[in-house]
Every structure is written in structure tokens, then in C-alpha cells.
Amino acid sequence: MSHSRTSRREFLRALAIAACSGGTAALFPQLRMMGSALANTSSLPGYKALVCVYLAGGNDSWNMLVPFDDARHAVYAEARGGVYNAQSNADGLALGIPTGANVALQKIIDAADASSATNQYFVHPRMADLGALYRANKLAFVANVGTLVKPIVKADYAIAANRPPQLYSHSDQENLWHQGNSLRNSVIGWGGRCGDVVRSSNANQDLSACISISGANRFEIGLSTVPYRMSSNGLSSLSGACNPTPCNGVSATSVRDNALNALLADTYASDFAGEYSRVFARSRDLYNLLKTGLDGTTIVQAFPANNSLASQLLMVAKMIKLSKAQNYASRQIYYVRLGGFDLHSGLMSGGNNDHAALLKLVSDAVSAFWQALAPGDVDAQNEVTLFTASEFARTLQSNGSGSDHAWGGVQFVLGGAVSGGRLYTNGGGPISGFPDQRLDAPNNFSRGQMIPGIGVDQYAATLAQWLGVTSPSDLAAIFPNLANFGSANLGFV
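Heads up: the sequence shown at position 375 corresponds to 384 in my numbering, and the numbers run straight through without jumps.
Set out below in C-alpha cells:
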């Protein structure tokens with residue numbers, strides 16, 4: 010079947026209008042998914058998945074993990090303006106040391122030296138479930154991690170080349186976290202580059218190794234990999250066409266569906282139109298591949314309602330279960346996201362959108378996801394590693410009712426393969442150990458903006474190596490600044 014250039018242009022124009030309106034947002038997951046991977050990893054054994062939980066806005070993570078001993082807690086509390094009390098100290102941002110029954114729920118001890126008072130901490134009271142996972146050796150904290158060009162101390166900061174570009178900028182620092190390095194203007198993410206490496210081991214080459222449940226992101230874009238985008242509700246179907254195609258019987262829908270398939274099968278003189286057609290057709294093929302199986306995939310574990318992160322992680326659990334059952338992939342990388350952490354005010358307000366409420370959403374969602382991975386349900390606890398990321402932590406010092414943009418912060422990693430029950434703080438650079446929280450100490454600035462002791466490059470490279478990206482040349486290509494650091498693997502997984 011052939012068509013005039015005019016009819017082709019009208020068809021593409023109509024599709025472009027539909028795309029701009031959001032009606033076909035799920036139909037463009039595989040653009041540029043061509044070419045070869047960085048390395049041949051066809052022999053990667055078993056199944057593994059990374060799940061990135063991005064906390065957008067800059068998580069005030071120094072309230073996620075707090076020193077338990079009196080001496081260090083006093084330093085932390087002074088830097089944060091005192092322990093918060095709505096009546097007597099509404100400007101304070103510090104948490105009080107847990108007492109009574111809360112000690113067993115919140116207190117954690119770094120297994121590296123359980124007898125030392127300086128290895129004792131407590132988690133935020135709304136994250137007690139994560140404390141239990143830590144004590145079960147399934148979760149680890151990575152303290153004072155952030156974007157770096159190379160390890161630095163305060164004296165090095167004055168030289169612009171020693172520090173990442175555009176510090177304290179949400180968009181720029183998010184991009185650097187997603188890139189896994191501090192190179193300006195890169196559009197490629199470390200998750201996508203890992204996808205380039207590992208996708209050749211996947212049985213289904215049409216389904217991207219990178220799957221986003223939270224829209225477009227730089228993290229999952231590689232040289233030949235673009236994320237397959239879904240929503241927490243699953244797959245989006247075409248209106249007025251057969252889903253899946255082809256139709257049964259004759260109807261107005263089947264006529265439209267047949268016409269669409271004929272257009273997609275046509276040969277186009279324009280490279281742009283031809284690629285647009287191929288992307289659209291590949292997207293329909295993936296819908297047909299996944300729809301029935303995804304609809305029939307059930308998760309036994311209940312996930313909390315009214316929790317957008319939980320809804321996203323529920324879809325991740327379904328996709329992992331389906332991918333394993335159908336042998337679609339041996340390596341996958343997922344991306345989910347929760348916003349609202351840019352709390353310049355109301356951080357301790359006690360409302361539904363304050364920091365404590367956000368951390369409870371994270372804890373409840375991650376805990377449910379972990380339970381869903383258990384045997385009898387998804388059965389993948391030893392095969393999935395979940396990790397958090399956020400563009401930066403926030404100032405220790407209060408601005409009156411919130412905190413402002415800062416630098417190094419705390420992340421956590423969860424999974425059966427994680428060396429849990431540990432606090433990882435030494436990045437092999439000049440700043441090691443849990444950071445000194447005195448304002449304007451040698452490792453931070455006047456408002457408590459921490460200079461990271463661990464680079465994003467090291468954090469990400471550790472996760473990438475667990476996934477199967479182990480070639481030194483691949484690691485150097487994905488993380489070009491990694492050679493600047495003392496360790497390329499932090500050992501937490």
C-alpha cells in the first residue's frame with residue numbers, strides 16, 4: 010500500500026497533536042534503542058534489578074539518620090537550632106533522642122564496632138520500618154554522599170575546577186546525580202549506560218533494560234537505551250483502536266486499526282517519518298507483549314493507599330514478577346520518584362506535607378515493596394537492590410521554619426544482597442567517618458552544608474558492579490571521574 014506525501018504528513022501531524030496532548034505518551038519508549046551495547050554481557054547469570062527511588066527537592070537527610078550518643082547528639086541539636094517543640098522551640102529542626110519503647114524501634118548500631126558509642130544512631134521516628142530492616146541486615150546507610158569532581162577539603166573549594174558546577178541548583182545537581190559524574194551538559198545517565206552494557210543478556214531485546222514508572226528522566230538514557238515509560242496504573246492504550254491489535258470482527262474500530270497498521274507498515278521517504286513510524290509500531294508491539302501478562306500478574310502483599318511512591322513500587326513489583334515469569338530480561342533498571350522535599354518552610358509543621366509525613370510515605374512504600382519481594386509473592390529479595398538518591402541534603406541550620414539547599418547527605422540501600430546493618434562513611438578521600446556536625450567545621454560551611462566524603466560516582470559504580478558492569482573500561486566510560494577517588498567499590502552490596 011502506498012500513500013501520498015500529503016497523507017503521510019497529515020497522519021504524522023495528527024499523531025504529533027495527540028502526543029502533545031498526552032494521549033500517546035506511553036507509545037514512545039524505545040526511540041534511539043538501536044546499536045550495540047558497550048560490552049558483550051550475554052553470559053550474565055540469573056536475574057538482577059536495580060530500583061532507583063529519587064527523592065526530589067533535596068531530602069533533609071540529616072534528620073533521617075541521627076547520632077544516638079549524648080555528646081554527638083548535642084552537637085547535632087545545636088547546629089539544628091535545638092530540638093523542635095511547637096510551643097517552646099518552633100524554629101528548631103533537631104529530633105530528640107528516642108526514649109522508652111521508641112529506643113527499640115529507632116536505635117541502630119553500626120555492626121563494624123557495635124560496642125562503640127560513636128557507632129550508635131537512630132532513624133527518624135516515622136521510619137521505624139526501615140530501622141527494622143537495618144537491624145535485619147537488609148538495609149545499609151551511606152552517609153555524606155554527594156556530587157564531586159574529586160575528593161576535596163574546604164580549602165580546595167575556592168578553586169572552581171575542584172567542585173561540581175552549579176552547586177545548590179536543583180536541576181543541575183539532579184542532572185549530575187543522574188549522570189553519575191560532574192561533567193556539565195551530558196544528556197546520558199549512568200543507569201542508561203549500564204543498560205547499554207547489560208541489555209545484550211536480556212532475552213527480549215525489544216523491551217528496554219530501563220523502565221520508568223515516573224516519566225522522562227536523564228538517569229535511564231544511554232547511548233543506545235531509552236527507558237520504557239509506564240505509569241503506576243500500567244500501560245496506556247490507544248483510543249479508538251484495538252488494544253491489543255489486531256481486532257476481531259468488522260467495526261469502525263477495526264477499520265481504524267487496520268488503517269493505522271497499514272500506515273505503520275508503509276515505507277516512508279523521510280527519515281524522520283520512517284523512524285516515527287517504527288517507534289510507534291515498536292510501542293504497539295510492546296503493549297501487545299505486556300498487556301495480558303501484566304493484567305494477570307497479582308501481588309499478594311498489600312501496599313498503602315494514598316501513597317504515590319507505593320503505587321509506583323507496586324507496578325515495579327508486578328513488572329519484576331512478570332519479567333521473571335516470562336524470561337523477558339535478566340537485568341533491569343527501574344526508576345520511581347517522590348517529590349515535595351524542597352522544604353524551605355514548614356519542615357517540622359506536623360502537617361500532611363512536612364518532612365516527617367514524606368519520610369513516612371517513603372518508609373511505608375519501601376517496606377511494602379520489600380515484603381512483596383518475599384518468597385510466595387515476587388520471590389526476588391536476593392535479586393533486587395533498591396537505593397535512594399536526591400540532588401542534595403539541606404543546611405543543618407534552620408532558616409526559621411525550614412532548611413535550605415546544601416550538599417552531601419545520607420542515602421540508603423536495601424536488598425538481600427546488601428551488606429546491611431552497616432553505616433558506610435569512608436569514601437577513601439580526605440573526609441571520612443560520620444561527619445562533624447558543628448557549623449563551619451573543617452568538613453562543612455557556615456550553615457552546615459556538608460562537603461561530601463563519598464562521591465556519587467563511587468555510590469553509583471558500586472551499584473553498577475553488582476548489576477554486572479564489571480569491565481574496567483566500561484566503568485571508566487560510564488564514570489569518567491571514578492579514577493579520581495580512592496575506591497571504586499564501597500562494598501555495601
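Note that CB positions come from ideal geometry on N, CA and C, so glycine has one too.
Fair warning: this is a prediction, and the values are worked out from it, not measured in the lab.
DSSP beta-bridge partners of residue i
i: R453; result: Note on residue identity: the sequence assigns Asn, not Arg, to residue 453. Bridge partners of N453: M459.
i: Q341; result: A58
i: H414; result: R403
i: Q7; result: Given that the chain is displayed from residue 10 to residue 502, the structure contains no residue 7 and the question cannot be resolved.
i: C219; result: I342
i: T397; result: V62
i: V75; result: F131
i: R238; result: S221
i: V154; result: G418, I463
i: Y468; result: According to DSSP, which records beta bridges pairwise, Y468 is partnered with nothing at all.
i: A149; result: V422
i: A103; result: V92
i: Y433; result: V151
i: N98; result: N94
i: L269; result: Beta-bridge pairing links L269 to no other residue.
i: G243; result: S240
i: L8; result: Residue 8 lies beyond the range of the chain shown here (10 to 502); nothing can be said about it.
Beta-carbon separation (whole angstroms), residue i vs residue j, contact threshold 8 Å
i: G431; j: A152; result: Correcting the residue type first, residue 431 is Arg in the shown sequence and not Gly. The Cβ separation is near 11 Å, so there is no contact.
i: V427; j: A141; result: Rounded, the Cβ-Cβ distance is 14 Å, inconsistent with contact.
i: G477; j: L53; result: 5 Å
i: N211; j: A338; result: 4 Å
i: L444; j: N435; result: For the record, residue 444 in the displayed sequence is Pro; it is not Leu. About 11 Å; that fails the 8 Å criterion.
i: D69; j: L352; result: 7 Å
i: K300; j: P236; result: Going by Cβ atoms, the distance from K300 to P236 rounds to 19 Å, so no, they are not a contact pair.
i: F488; j: A469; result: 7 Å
i: T501; j: V422; result: The sequence as given places Phe at residue 501; Thr does not occur at that position. That pair is a contact at about 6 Å.
i: I342; j: C251; result: I342 to C251, Cβ: 31 Å. No contact.
i: L368; j: M136; result: 5 Å
i: D363; j: D138; result: With 8 Å as the limit, D363 and D138 do not qualify as a contact, their Cβ atoms being about 19 Å apart.
i: V196; j: R172; result: Actually they are not in contact, since the Cβ atoms of V196 and R172 sit about 22 Å apart, beyond 8 Å.
CB contact flag (residue i, residue j, <9 Å)
i: G442; j: G462; result: yes
i: L405; j: Y85; result: yes
i: P160; j: G424; result: no
i: R293; j: L273; result: yes
i: V375; j: L395; result: yes
i: H414; j: Y130; result: no
i: Q474; j: N490; result: no
i: M324; j: N242; result: yes
i: L295; j: D215; result: yes
i: G67; j: S399; result: yes
i: V154; j: S191; result: no
i: V393; j: L74; result: no
i: G409; j: S354; result: yes
i: V132; j: I118; result: no
i: T397; j: C61; result: yes
Cβ neighbours of residue i in the same chain (closer than 6 Å, five flanking residues each side left out)
i: M239; result: I222
i: D181; result: Q175
i: N336; result: A212
i: A88; result: L405, Q446, L448, G457
i: A169; result: none
i: V387; result: A326, I329, K330, A381
i: A225; result: none
i: S320; result: S241
i: M459; result: N153, W416, G417, P444, N453
i: H179; result: E400
i: L370; result: N316, L318
Sequence-distant residues of the same chain with beta carbon closer than 8 Å to residue i, five excluded per side
i: P4; result: Any property of residue 4 remains undetermined from this structure, which presents the chain solely from 10 to 502.
i: P134; result: L104, P107, N111, L114, Q115, A365
i: G359; result: A95, A365
i: L244; result: A35, Y296, L299, K300, L303
i: S412; result: D69, L102, L352, H353, L356, R403, T404, L405, Q406
7 Å Cβ shell around residue i - same chain, five flanking residues per side excluded
i: D126; result: The question names Asp, yet the displayed sequence has Ala at residue 126. Around A126: D78.
i: R346; result: Y63, A65, S223
i: G91; result: N98, G101, A103
i: K333; result: Y56, A389
i: V259; result: none
i: G249; result: T262, R265
Residue i at chain D interface by Cβ criterion, 9 Å
i: S125; result: Of the protein chains in this structure there is only one, and it is not chain D.
beta-carbon residue i near the ligand SAM non-hydrogen atom, thresh 8 Å
i: A290; result: The ligand SAM is absent from the structure shown, which contains no ligands of any kind.
Next on the checklist: When you compare the segment 198-205 with the segment 225-234, are there three or more beta-carbon pairs, one atom per stretch, that lie closer than 8 Å?
Outcome noted: yes
Checklist entry - Counting Cβ pairs closer than 8 Å, one from the segment 161-168 and one from the segment 389-406, do we hit at least three? => result no
Item to check | Cβ contact check for the segment 127-145 and the segment 381-394: 3 or more pairs under 8 Å | outcome: no
Next on the checklist: When you compare the segment 176-186 with the segment 301-310, are there three or more beta-carbon pairs, one atom per stretch, that lie closer than 8 Å?
Outcome noted: no
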